[in-house]
Amino acid sequence: MAYYYSRKLQIPFDEAVQRAIQNLQQQGFGIVTTIDLKETLKQKLNIDFRKYRIIGACNPQFAFQAVSLESHIGLMLPCNVVVQEHENGEVEVSAINPLETIDNITATAQLAVIAQEIGNRLRVAIDTLEHGKPEENLPQALPTDYTSTELNISIPG
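Counting in UniProt numbering, the sequence shown runs from 1 upward without gaps.
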């Protein structure tokens with residue numbers, strides 16, 4: 001399995017960025033960072049680079065649950081989504097596959113459930129960018145209302 005999920009789109013770059021942000025928010029993510037790599041490379045190194053935006057997305061509920069289970073998992077946060085325009089003008093949106101990445105760190109059943117749900121949400125956000133609905137073979141999302149008993153953690157509040 002790949003460490004990322006990606007789709008090529010037939011929409012302009014700026015529209016893809018805006019839709020990606022909106023779709024991520026609809027899937028419960030907050031946007032905590034946006035990095036314009038093209039602009040950064042121009043300012044810091046005077047290099048002309050293609051359009052390339054890194055969007056840092058974080059779902060606070062799942063982030064809290066994951067960090068409560070594994071204190072160093074914060075090294076993997078936020079989830080990055082990349083929108084890039086290739087030299088041929090093609091726009092591509094990619095997201096990290098948390099389940100693949102987390103397996104290499106620590107494979108607990110509880111973290112795997114969280115990683116799978118985050119991966120499903122990222123994939124839905126990407127799949128709905130162009131046509132407004134996910135692919136037919138997209139796996140059903142897992143429930144979002146995990147209880148502290150199911151995850152074996154205590155949630156304040």
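For every residue, glycine included, the Cβ atom is placed at its ideal position computed from N, Cα and C.
Annotated three-state conformation of residue 55 is strand, per DSSP. Taking a cut-off of 8 Å on C-beta distances, the stretch 24–44 does not touch the stretch 69–76, as fewer than three cross pairs fall below it.
Setting aside the 5 residues that flank it on each side, residue 16 is surrounded in the same chain by 9, 83, 91, 93, 129, each with a C-beta closer than 8 Å to its C-beta; the list follows chain order. Unbroken beta strand (DSSP E) stretches of 3 residues or longer found wholly inside the stretch 73–106: 79–85, 91–96, given in chain order. The C-beta separation of residue 113 from residue 95 comes to about 18 Å, leaving the pair out of contact by the 8 Å criterion.
Here the C-alpha atom of residue 34 lies approximately 26 Å from the C-alpha atom of residue 111. Spanning the alpha carbons of residue 30 and residue 12 requires a straight line of approximately 23 Å.
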